[in-house]
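J.: Next up is a structure, given as structure tokens.
Residue numbers (my numbering): 11 to 393.
Structure, rendered in structure tokens:
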């Protein structure tokens, strides 16, 4: 049995439980209320993967009901094996064949009873998944979903889940930080950091505020670090629920590479050297103007354009600075990735780009692109 819990290097952290009484000594009543409420909301999830060669993996996590129709929200890495959660596998035709060579089954445990579940849809980019059971047990209380845009550092939170298979475990703490990023390659991240104990098997469980609202979905810890847990903001899930009900979420393909991190500036011309090595542009005027724009207003720097991509068709080039995509302001590669994720496929989208000529002059260029499915592009290439 494998308890499914993501860590930064995917190892198990030792279990420790944090007493709610120590953190909430001023008002223990509402902690007890949440404990009683969410044992009617939270579930254990068991995923079995059977492979064509006869091998199988079984792993566990957590989830919670979001309605009385049996829909359960959890993490994508709880319902798919590690291979199927990798973003880079979007570009592998071999991976699509491997998906056909394995079979997933899901069981949900609620109040000691097991129920067969089916996967409605998964989102590997934000680590979200939606399960459904057809026979909904009596007594289910759907979670009240909050607004993660309104949370603040220092607010009290409670994590609920099944660490190491220990059902309905409650741990308590506070929001330690917001907007944590760049942990998992290719993923769209904006993690809530908390010191509430999140352990192996807690993934997919709710992170709850004082108003009994779910404001996050427990997702990750840092191995060998105490009190460093991370949750996916609930607004990520709210925004994608209707799509998840219909199937797996696919991200459109633009065909550009841009660093997700903000550009690092230097007073010793190190930034110019970095740009020179990155772009192979040996022009001080161009590079200096790029640095000014990146430092002052920000942009997504195009480091690479893939061949036969929508970006190439729109004459987007290495060294271009994307400042707006489909009506959204872009200040770095992360903004661009999120804007692409939130944009529809096969529709004309407006892109505003800054192009810098050899004299360091800036030209504003407006482009029209249509995102396409990477999977469709792979199929075309092999026919």
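Beta carbons are placed, not taken as given, at the ideal position from N, Cα and C, and that holds for glycine.
Note that the structure is a prediction, hence the values are computed from the model and not measured.
With H, G and I counted as helix, E and B as strand and the rest as coil, what does DSSP make of residue 343?
T.: Counted from its first residue, the chain shown places residue 343 at position 333. It is helical.
J.: Cα separation between residue 370 and residue 297?
T.: Residue numbering aside, residue 370 sits at position 360 when the chain shown is read from its first letter. Residue numbering aside, residue 297 sits at position 287 when the chain shown is read from its first letter. Cα to Cα, the separation comes out at about 8 Å.
J.: Would you kindly work out how many angstroms separate the C-alpha atoms of residue 111 and residue 293, rounded to a whole number?
T.: By 1-based counting over the chain shown, the position of residue 111 is 101. By 1-based counting over the chain shown, the position of residue 293 is 283. Distance between the alpha carbons of residue 111 and residue 293 is about 51 Å.
J.: In three-state DSSP terms, what is residue 384?
T.: Here residue 384 refers to the residue found at position 374 when the chain shown is read from its first residue. Here residue 384 sits in helix by DSSP.
J.: CB-CB under 7 Å to residue 349, same chain, minus the five flanking residues each way: which ones, in chain order?
T.: Here residue 349 corresponds to residue number 339 of the chain shown, with the count starting at 1. Only 335, 336, 338, 340 meet the Cβ criterion.
J.: Taking a contact to mean a Cβ-Cβ separation below 8 Å, would you say residue 161 touches residue 97 in this structure?
T.: Position 151 of the chain shown, counted from the first residue, corresponds to residue 161. Position 87 of the chain shown, counted from the first residue, corresponds to residue 97. No.
J.: In chain order, what residues of the same chain lie with their CB nearer than 6 Å to the CB of residue 56, ignoring the 5 residues before and after it?
T.: Working through the chain shown from its first residue, we reach residue 56 at position 46. So the qualifying residues of the chain are 70, 117.
J.: The alpha helix (DSSP H) that contains residue 43, what's its start and end?
T.: The residue labelled residue 43 in the question sits at position 33 within the chain shown. 39-48 is the span of the alpha helix (DSSP H), which, as asked, contains residue 43.
J.: Three or more C-beta pairs closer than 8 Å, one from the stretch 261-271 and one from the stretch 146-153: is that the case here?
T.: Judged by Cβ distances under 8 Å, the stretch 261-271 makes no contact with the stretch 146-153, as fewer than three pairs qualify.
J.: Let me make sure I understand the geometry here. Which of 268, 267, 300 has the alpha-carbon closest to that of residue 282?
T.: Position 272 of the chain shown, counted from the first residue, corresponds to residue 282. Closest by alpha carbon: 300.
J.: Considering only C-alpha positions, which residue in the set 256, 142, 127 is nearest to residue 78?
T.: Reading the chain shown from its first residue, position 68 is the one you call residue 78. Cα-wise, what sits closest to residue 78 is 142.
J.: If you draw a straight line from the C-alpha of residue 255 to the C-alpha of residue 131, how long is it?
T.: For this step, residue 255 is matched to residue 245 along the chain shown. For this step, residue 131 is matched to residue 121 along the chain shown. Roughly 6 Å between the two C-alpha positions.
J.: Over the uninterrupted alpha helix (DSSP H) stretch that includes residue 130, give me the two end residues.
T.: Here residue 130 is taken as the residue at index 120 of the chain shown, counted from 1. First-last for residue 130: 123-133, but that is the beta strand (DSSP E), not the alpha helix (DSSP H).
J.: In the DSSP assignment, the beta strand (DSSP E) including residue 182 goes from what residue to what residue?
T.: Position 172 of the chain shown, counted from the start, is the residue given in the question as residue 182. Note, residue 182: beta strand (DSSP E), 179-190.
J.: Tell me the DSSP secondary structure of residue 58 in three-state form.
T.: For the purposes of this step, residue 58 is taken as residue 48 along the chain shown, with counting starting at 1. Residue 58 falls in the strand class under three-state DSSP.
J.: What did DSSP end up calling residue 351 once you bin it into helix, strand or coil?
T.: The residue given as residue 351 occupies position 341 in the chain shown. Helix at residue 351.
J.: Grouping DSSP H, G and I as helix and E and B as strand, with all else coil, what is residue 373?
T.: Stepping through the chain shown from its first residue, residue 373 is reached at position 363. Residue state, collapsed to three classes: strand.
J.: Identify the continuous alpha helix (DSSP H) that holds residue 142 and give its terminal residues.
T.: Counting from 1 along the chain shown, the entry for residue 142 is found at position 132. Where residue 142 is concerned, there is no enclosing alpha helix (DSSP H), although the beta strand (DSSP E) it sits in stretches over 138-143.
J.: Which residue marks the beginning of the alpha helix (DSSP H) containing residue 246, and which one marks its end?
T.: Within the chain shown, residue 246 is the residue found at index 236, counting from 1. Unbroken alpha helix (DSSP H) run through residue 246: 244-254.
J.: If you draw a straight line from the alpha carbon of residue 185 to that of residue 83, how long is it in whole angstroms?
T.: The count along the chain shown starts at 1 and reaches residue 185 at position 175. The count along the chain shown starts at 1 and reaches residue 83 at position 73. Roughly 21 Å separates the two Cα atoms.
J.: Taking the alpha carbon of residue 214 as the point to measure from, which residue in 248, 303, 89 has its own alpha carbon closest?
T.: Walking along the chain shown from the start, residue 214 turns up at place 204. Out of 248, 303, 89, 89 has the C-alpha closest to the C-alpha of residue 214.
J.: Using 10 angstroms around the beta-carbon of residue 32, count the other beta-carbons present and answer buried if the total reaches 16, otherwise exposed.
T.: Your numbering for residue 32 matches position 22 in the chain shown. Any reading at residue 32 needs caution, since the residue's pLDDT is 48, under 50, leaving its predicted position unreliable; the model's value is listed next. Exposed, because fewer than 16 other Cβ atoms sit within 10 Å of the Cβ of residue 32.
J.: Give the DSSP-derived three-state secondary structure of residue 358 in the structure shown.
T.: Translated into the one-based positions of the chain shown, residue 358 becomes position 348. Three-state DSSP puts residue 358 in a strand.
J.: How many angstroms separate the CA atom of residue 359 from the CA atom of residue 345?
T.: Counted from its first residue, the chain shown places residue 359 at position 349. Counted from its first residue, the chain shown places residue 345 at position 335. Whole-angstrom Cα-Cα distance: 16 Å.
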